[in-house]
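Undergrad: Let me give you the structure first, and then I'll get to my questions.
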Amino acid sequence: MKFSDFVAVDAIRSNIDADTKEGVIREMAQSLVDAGSVAAGDLESIVKAIMKREDLGSTGIGRGVAVPHTKHPSVRRLVGTVAVSHDGVDFESLDGEPVQLFFLLVSPPDRPGDHLRALENISRQLRDESFCKQLKSAKGPLEIQHLLEEADSHGVAS
Amino acid sequence: MNEQVVSREVVVGMRQGLHARPADILAREARKWRSRIELANAAQRVDGKSILEVLTLAAEAGTRLVVEATGPDAREAIEAIGSLFDSNFNEQHVEDNS
Chain A
1 MKFSDFVAVD
11 AIRSNIDADT
21 KEGVIREMAQ
31 SLVDAGSVAA
41 GDLESIVKAI
51 MKREDLGSTG
61 IGRGVAVPHT
71 KHPSVRRLVG
81 TVAVSHDGVD
91 FESLDGEPVQ
101 LFFLLVSPPD
111 RPGDHLRALE
121 NISRQLRDES
131 FCKQLKSAKG
141 PLEIQHLLEE
151 ADSHGVAS
Chain B
1001 MNEQVVSREV
1011 VVGMRQGLHA
1021 RPADILAREA
1031 RKWRSRIELA
1041 NAAQRVDGKS
1051 ILEVLTLAAE
1061 AGTRLVVEAT
1071 GPDAREAIEA
1081 IGSLFDSNFN
1091 EQHVEDNS
């Protein structure tokens, strides 16, 4: 799976203001609403479901990256977006580091395989430290989009 | 130092596969041991102490993996990690429709 298979480019944010876990999740979910990827009426329920998932264990996977996510019956296919916080946000990650790079995923309840393949793609690409750094220091959403496209074209198709 | 290499096969029993939460639990457990912990599928071998690495396995339900520990506490480490898989990481099969 590639970034372009699930990232809503109009929802990419290169400089989010939120400084709490819930704030980040809300801002990203709102960006998916603004991009037309999820319905405004589902915003609250999606934010609540993602927070509930975070209560089970942080999705901060290290290297300043977190992957907040949930299953939600309102989506027909996996949708997601990318956001960067320049200051970093405490996400209770395994390595204790603040998180600057977020991938938010909302998947249909009956597609666990797609969700796993999206996580696989994100984690495989982020093993490249310079890619990680470039995303975190991107000047705008368009630059993030281009970095993702470049990663997609280099990646092994899977 | 007494370097042991111990390995065992495990099966991913969780319906959702080896997703972020079990990967987190696995990496946290692996980090408790001095031994190097590796997980392998047919295609690759990854560091069990890194969630990022574990997630690159994209191991769906039913996948067979080999867990290998190398170091002074390899046997205990494999026992602890094996039992996580045996208990399906305590995943409750409650479908969440909220």
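Line by line, the protein sequences are chains A and B.
Everything in the first sequence is counted per this note's numbering, starting at 1 for the first residue and increasing by one.
Everything in the second sequence is counted per this note's numbering, starting at 1001 for the first residue and increasing by one.
C-beta: ideal position from N, C-alpha, C; glycine also.
Of all Cβ atoms in chain B, is any one closer than 8 angstroms to the Cβ of THR81(A)?
TA: No, because no Cβ of chain B sits closer than 8 angstroms to the Cβ of THR81(A).
Undergrad: For SER1098(B), which residues of its own chain have a beta-carbon under 7 angstroms away from its beta-carbon, when the five flanking residues on both sides are left out?
TA: Reliability of the predicted coordinates at SER1098(B) is poor, the pLDDT of 30 falling under 50, and the value obtained from them is presented with this limitation in mind. Same-chain partners within the cutoff: there are none.
Undergrad: For GLU1038(B), which residues of its own chain have a beta-carbon under 7 angstroms away from its beta-carbon, when the five flanking residues on both sides are left out?
TA: Excluding sequence neighbours, GLU1038(B) sits near ARG1045, VAL1046, ASP1047, GLY1048, GLU1068.
Undergrad: What residues in the segment 121-137 of chain A bring their beta carbon closer than 8 angstroms to a beta carbon of chain B?
TA: The segment 121-137 of chain A vs chain B, Cβ under 8 angstroms: ILE122, SER123, ARG124, LEU126, ARG127.
Undergrad: Answer with yes or no whether the minimum CB distance from VAL47(A) to chain B is below 8 angstroms.
TA: So no, VAL47(A) is outside the interface.
Undergrad: Between ALA157(A) and chain B, is any beta-carbon pair separated by less than 8 angstroms?
TA: Bear in mind that the predicted position of ALA157(A) carries a pLDDT of just 46, short of 50, making it unreliable; the figure below should be weighed with that in mind. Not an interface residue.
Undergrad: Buried or exposed for LEU135(A), going by 16 or more other Cβ atoms inside 10 Å?
TA: With 16 or more Cβ atoms within 10 Å of its Cβ, LEU135(A) is classed as buried.
Undergrad: Cα separation between GLY88(A) and THR20(A)?
TA: Taking the straight line from one Cα to the other gives about 9 angstroms.
Undergrad: Please list the partners that GLU1060(B) has in chain A, where partner means a Cβ-to-Cβ separation under 8 angstroms.
TA: Under the 8 angstroms cutoff, chain A gives PRO112, GLY113, LEU116.
Undergrad: I'd like to know if LEU94(A) contacts chain B, where contact means its C-beta is closer than 8 angstroms to some C-beta of that chain.
TA: LEU94(A) counts as touching chain B.
Undergrad: Can you list the residues of chain A that LEU1026(B) reaches, using a CB-CB cut of under 7 angstroms?
TA: Simply none; closest approach about 11 angstroms.
Undergrad: Going by CA-CA distance only, name the one from ARG53(A), VAL99(A), VAL79(A), ALA118(A) that's closest to ASN15(A).
TA: The shortest Cα separation from ASN15(A) among ARG53(A), VAL99(A), VAL79(A), ALA118(A) belongs to VAL99(A).
Undergrad: Between the beta-carbon of ARG13(A) and the beta-carbon of PRO141(A), is there less than 8 angstroms?
TA: Taking 8 angstroms as the Cβ cut-off, ARG13(A) and PRO141(A) qualify as a contacting pair.
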